[in-house]
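Reading through the structure tokens given below for one structure.
Chains as they are written, first to last, in this note's numbering: chain A, 366 to 835; chain B, 185 to 420.
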């Protein structure tokens, strides 16, 4: 008898999602899907609004990564103004964006995924949370909280508040950096670097326990996409797009975000509100790609900062196709982010008072691209003669990974889930592949392993055969 | 000759000229009364109903901005009943427009927002109407977002009384009421607008704003009004 397993909601992710696993008559996994069950409507309700409102409006897409949207949105607005923003403004935005990446990566790794990594996939659900981690390894838990605090404090020192700062505006940023704020930020960097190193060293020791998961998470082959720069190092703020294939071969390079519709297209699947972008020349689904930490480390020559480059070797000696190594890449990016923030803060012109270009709209459309913690993020706006938005298109970082997450769920379910002998550890592995991508499906759910999870085994008629509750 | 009258406002013995309003005398005695439409230098119209006060011997509540003081008057400006009505009025203002403070150009410097905070409005108990209102950004320097308009008519009055252009006016009735430029033509096409910006500066919310402002960046400066009015009286 065919059965269907539903995991709803998926826990320890940002936003709301559901997983269904379809079993065949023999109790084997026949298919599985990752459903994003919400629709937000931002692209539609911003129509008719003045474009100067866009950064603050779009930041509301998310409470965890508002900065990413602020930056991509402001960059699209810079294009509408058709100005080159002051160099200091670019650097300050870069610092803000990196601080966002640091705090978001810390949230993903420590708060959401470290319970699986420290306590194991089969730990009882009551323990499998940050509180369980705090009990088993207080230093690890405290490190995670502190690292997130460092990122958030930098955001606050720059933008005036931690969530939804109004500081990033079309044309630059609306206030220069003070010397005190810079010094306060610089003072936190060494501690952050110590935490990053300590965590990477610990993580190195637990990796061998997850050989099976690493191999299973690698069964989805896709392209990788991300931003690059002239130095061929990690790039979070700007730069042309590069796409490589599974063997590391560059298949497209120096792509300009302005022409994104020529190389990206979005597919719609009936099981999800989230669209699936793909590399247009290769079609769907052959052209699907992954973005985010794993993709970024795969497309660049090196990180570009000394400590992060030390650990790049740890990443490169692994199977860099495996989505499990999003975790590894995330830790290395934290290291990079802290180093890079330090470098930018030491730039001689960082305290310059010239941080904003003022202009009227000079173009009818603009595309802003940047790297959010979860990957490449793109905002595209069109305006009328009065500067009111007529059309908005957003390609959200998480959306780029939609196909890989969906197929990842299938691969992991196929490997671990067996009908008739359901257990919690199996299902947690299915969720953990989603967590590896750190999807930000909308905004924060404010739930750390506390949301109720109910898994139901259903007959094709919808009859409940077995219920597993958390 | 104007007589001086004595009255009681919130148990304070007050004096004022008989041609003054309760609001003016209260302010002279350091008593603040919430208001959105009244502004020194403009003719009072009693539109917003936030300055309603209780006057002994009168059953109904009267707007302090349009009620003249009288000898022996006993006024209460801050009773529980008044606070309740004011909160309700603010809630209705929020419910009938689309006031999204978080993305508004005057966030943190808005008279409506300040009043809501001061009066303890932490929830809107009536359903939002979510009206569909288009932004008019056709003017080269300023824009009108009717979603944030509370129909205080300060713009109408400052334009007519001070600038003398009378570009602004009201149209329709009830829930359909709206401020318009000229005969409901786009602001940018107005023949009468002098682009002086007075309407923008006196607007208590973000309904009228300077273009190019991002969230929280606009500060309204209505203080020019009193200076301007005084200068004119002096014949300077």
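Beta carbons: idealized from backbone N, C-alpha and C, even for Gly.
768/A is the residue among 382/A, 398/A, 768/A and 381/A whose C-alpha sits nearest the C-alpha of residue 587/A. Under the Cβ distance rule, residue 418/A counts among the residues neighbouring chain B, one pair being separated by less than 8 Å. Sequence-distant partners of residue 720/A (beyond 5 residues in either direction) whose C-beta falls short of 6 Å from its own C-beta, in its chain, are 451, 453, 454, 537, 538 and 541. Per DSSP, the continuous beta strand (DSSP E) segment holding residue 369/A begins and ends at 368 to 373. In this structure, 420/A is the residue among 420/A, 410/A and 378/A with its C-alpha nearest to the C-alpha of residue 733/A.
Contact annotation, residue 334/B with residue 388/B: C-beta distance approximately 7 Å; criterion of less than 8 Å satisfied.
CA-to-CA, the gap between residue 399/A and residue 476/A works out to about 22 Å.
Classified as buried, residue 736/A has 16 or more neighbouring CB atoms from the shown chains inside 10 Å of its CB. Identification of chain A residues near residue 318/B by a Cβ-Cβ cut-off of 7 Å yields 413, ordered along the chain. Contact check between the region 428 to 447 of chain A and the region 710 to 727 of chain A: three or more CB pairs, one atom from each, fall below 8 Å, which counts as touching.
Measuring C-alpha to C-alpha distances from residue 574/A to each of 486/A, 410/A and 418/A identifies 486/A as the nearest. The C-beta of residue 401/B comes closer than 8 Å to at least one C-beta of chain A. With the criterion set as a beta carbon lying under 9 Å from some beta carbon of chain A, the region 374 to 386 of chain B has no members that meet it. Within its own chain, the residues whose Cβ lies closer than 8 Å to the Cβ of residue 417/A, once the five positions on either side in sequence are excluded, are 442, 534, 535 and 752, listed in chain order. By DSSP's assignment, residue 198/B forms a beta bridge with 191/B. Within the region 363 to 419 of chain B, the runs of beta strand (DSSP E) that reach at least 3 residues and sit entirely inside it are, in chain order, 392 to 394. Within its own chain, the residues whose Cβ lies closer than 7 Å to the Cβ of residue 532/A, once the five positions on either side in sequence are excluded, are 523, 524, 525, 538, 539 and 540, listed in chain order. For residue 410/A, the three-state secondary structure derived from DSSP is helix. Taking a Cβ-Cβ cut-off of 7 Å, the neighbours of residue 397/B in chain A comprise 417, given in sequence order. Each residue's CA atom was taken as its position, placing residue 738/A and residue 616/A some 24 Å apart. Per DSSP, residue 470/A is one residue of the alpha helix (DSSP H) stretching across 452 to 471. Residue 799/A: member of the alpha helix (DSSP H) spanning 789 to 802, first to last residue. Residue state for residue 324/B is assigned as coil, using DSSP reduced to three classes. In this structure, residue 614/A lies away from residue 658/A, with their beta-carbon atoms at least 8 Å apart. The alpha helix (DSSP H) runs lying completely inside the region 607 to 681 of chain A and spanning 4 residues or more are 625 to 628, 658 to 664 and 671 to 681, given in chain order. For residue 735/A, the beta-bridge partners assigned by DSSP are 742/A. Remark: fewer than three beta-carbon pairs, one from each stretch, lie closer than 8 Å, so the region 455 to 462 of chain A and the region 557 to 567 of chain A are not flagged as touching.
The Cβ atoms of residue 760/A and residue 743/A lie closer than 8 Å to each other.
DSSP places residue 542/A outside both helix and strand once states are collapsed to three, so it counts as coil. Proximity of the region 604 to 612 of chain A to the region 796 to 806 of chain A falls short of the contact definition, fewer than three beta-carbon pairs being nearer than 8 Å.
Among the residues facing chain B, residue 435/A is not included, as its CB has no counterpart in that chain under 8 Å away. For residue 290/B, not one C-beta of chain A is nearer than 8 Å to its own C-beta. When secondary structure is reduced to three states using DSSP, residue 298/B falls in the helix class.
Residue 474/A counts as buried, since no fewer than 16 other beta carbons sit within 10 angstroms of its beta carbon. Taking each of 707/A, 571/A and 603/A in turn and checking the Cα distance to residue 619/A, the smallest one comes out for 603/A.
Within the model, the alpha-carbon separation for residue 671/A versus residue 423/A is close to 35 Å.
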